[in-house]
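Peer 1: These protein sequences, in sequence, are chains U and H. Note that my numbering has the first sequence beginning at 23, numbered continuously upward. Note that my numbering has the second sequence beginning at 23, numbered continuously upward. For each residue, glycine too, the CB sits at the ideal point set by N, CA and C. Small disclaimer: the values here were computed from a predicted structure and weren't measured.
There are 2 protein chains.
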Amino acid sequence: MQKWFEYNWLVREEWLDWCEELSEEEWQKQRVGGHQSFVKTLIHIVDVEHAWIRGLMGDPEQHYDYEAYRSLADVRRLSAEAAAEIRPFVQSWTDEWEEKSMHGFAYGDVMRHAIAHEIHHIGQLSVWARELGRKPITANLILRGSR
Amino acid sequence: MQKWFEYNWLVREEWLDWCEELSEEEWQKQRVGGHQSFVKTLIHIVDVEHAWIRGLMGDPEQHYDYEAYRSLADVRRLSAEAAAEIRPFVQSWTDEWEEKSMHGFAYGDVMRHAIAHEIHHIGQLSVWARELGRKPITANLILRGSR
């Protein structure tokens, strides 16, 4: 399970670096699909992972105010803070928690849901990248040096 | 690991059903990103999963001829055949195989690579669906009845 989160965090970090090349307009621009912009989709990725894993940690549901994060620096800070909060739980994950239940959901399924959620939205960013004529960050989990 | 493949196969099946609503032109049309069309991206999803898992099964690398599959019925047949071939291996997966090596890659990483690959490309389909003004298949792993 840890390896999945490490993969997502690495890919996210590379996308945040990639976004440095975008103009302010490209970063904010309303697009089709996902959460309609690079900025909102990346906030959503951070928010949803954070909310579900906090739930598994026994903390009350909490969502970020998407309007409060505008710049790439804001989203980087948000991503770092959110990941720092849930990392200890992720790192201590053991398969013995697979069948533990939260509101009727198995812990293992919630983890996989959060993981798949990010990969899915990252796939959307890759289409927008191509629309901008730019090469997206690879989704490769092995062979990350290639396409 | 099995749960990931079951999730991907279910989501793929729902997308194949969803594609029944597309016109021949929408199904074949060249688009931006992914493998440039619904038909080619879905063939690619099937092909890549099949190729990697066959590798783990000890079978020689083999790729499908993308030009040989045109209709939705062709792709459904391809997907069913490919999944049938690798299903026994997936179902017999045990975490003891995590660190087994194939050409220097850990079996577990190859499995995760194949899984993430499909989820990523499915995310691309969801953008194209919105471009067509249609609601995409949900990526939810839990709560699949909702968005």
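Are there 16 or more other CB atoms within 10 angstroms of the CB of U/Pro110, so buried, or fewer, so exposed?
Peer 2: Start at 1 with the first residue of the first sequence, and residue 110 of chain U comes out as number 88. With fewer than 16 Cβ atoms within 10 Å of its Cβ, U/Pro110 is classed as exposed.
Peer 1: Can you list, in chain order, the residues of its chain whose CB lies under 8 Å from that of U/Leu163, leaving out five sequence neighbours each side?
Peer 2: Position 141 of the first sequence, counting from 1, holds the residue named residue 163 of chain U. Excluding sequence neighbours, U/Leu163 sits near Tyr29.
Peer 1: Where do the N-terminal and C-terminal ends of the alpha helix (DSSP H) with U/Gly80 fall, by residue?
Peer 2: As a working mapping, residue 80 of chain U is identified with position 58 in the first sequence. Where U/Gly80 is concerned, there is no enclosing alpha helix (DSSP H), given that its DSSP letter is neither H nor E.
Peer 1: Below 8 Å, can you find three or more Cβ-Cβ pairs linking the stretch 110-121 of chain U to the stretch 43-63 of chain U?
Peer 2: no
Peer 1: So U/Lys25 contacts chain H; which residues on that side make the cut at Cβ distance below 9 Å?
Peer 2: As a first step, residue 25 of chain U is located in the first sequence; it is residue number 3 there, counting from the start. The answer, in chain order, is Gly130, Asp131, Arg134.
Peer 1: For the stretch 141-169 of chain U, which residues have a beta carbon sitting closer than 9 Å to at least one beta carbon of chain H?
Peer 2: Ile141, His142, His143, Ile144, Gly145, Gln146, Leu147, Ser148, Val149, Trp150, Ala151, Arg152, Glu153, Pro158, Ala161, Asn162, Leu163, Ile164, Leu165
Peer 1: Output yes if chain H places a C-beta closer than 8 Å to the C-beta of U/His85; else output no.
Peer 2: In the first sequence, counting from the first residue as 1, residue 85 of chain U sits at position 63. Taking Cβ atoms only, chain H never reaches closer than 8 Å to U/His85, which makes this a no.
Peer 1: Classify U/Val149: buried if its beta carbon has 16 or more other beta carbons within 10 angstroms, exposed otherwise.
Peer 2: Along the first sequence, read from residue 1 onward, the residue named residue 149 of chain U stands at position 127. Buried, by the Cβ-count rule.
Peer 1: Restricting to Cα atoms, I'd like to know which of U/Leu147, U/Ile75, U/Ala138 is closest to U/Glu194.
Peer 2: Residue numbering for chain U in the displayed model covers 23 to 169; residue 194 of chain U lies beyond these limits and cannot be assessed.
Peer 1: Smallest Cα separation from H/Val70: which of H/Ala105, H/Leu165, H/Gly145?
Peer 2: As a position in the second sequence, residue 70 of chain H is number 48, starting the count at 1. For the residues H/Ala105, H/Leu165, H/Gly145, the minimum Cα distance to H/Val70 belongs to H/Ala105.
Peer 1: Look at the alpha carbon of U/Arg99 and the alpha carbon of U/Asp87, and state the distance between them as a whole number of angstroms.
Peer 2: Here residue 99 of chain U refers to the residue found at position 77 of the first sequence. Here residue 87 of chain U refers to the residue found at position 65 of the first sequence. Answer to the nearest angstrom: the Cα atoms are 14 Å apart.
Peer 1: Assuming U/Trp37 and U/Ile159 are in contact, meaning their beta carbons sit under 8 Å apart, how far apart are those beta carbons, in whole angstroms?
Peer 2: Within the first sequence, the letter at position 15 stands for residue 37 of chain U. Within the first sequence, the letter at position 137 stands for residue 159 of chain U. 5 Å between Cβ atoms; contact.
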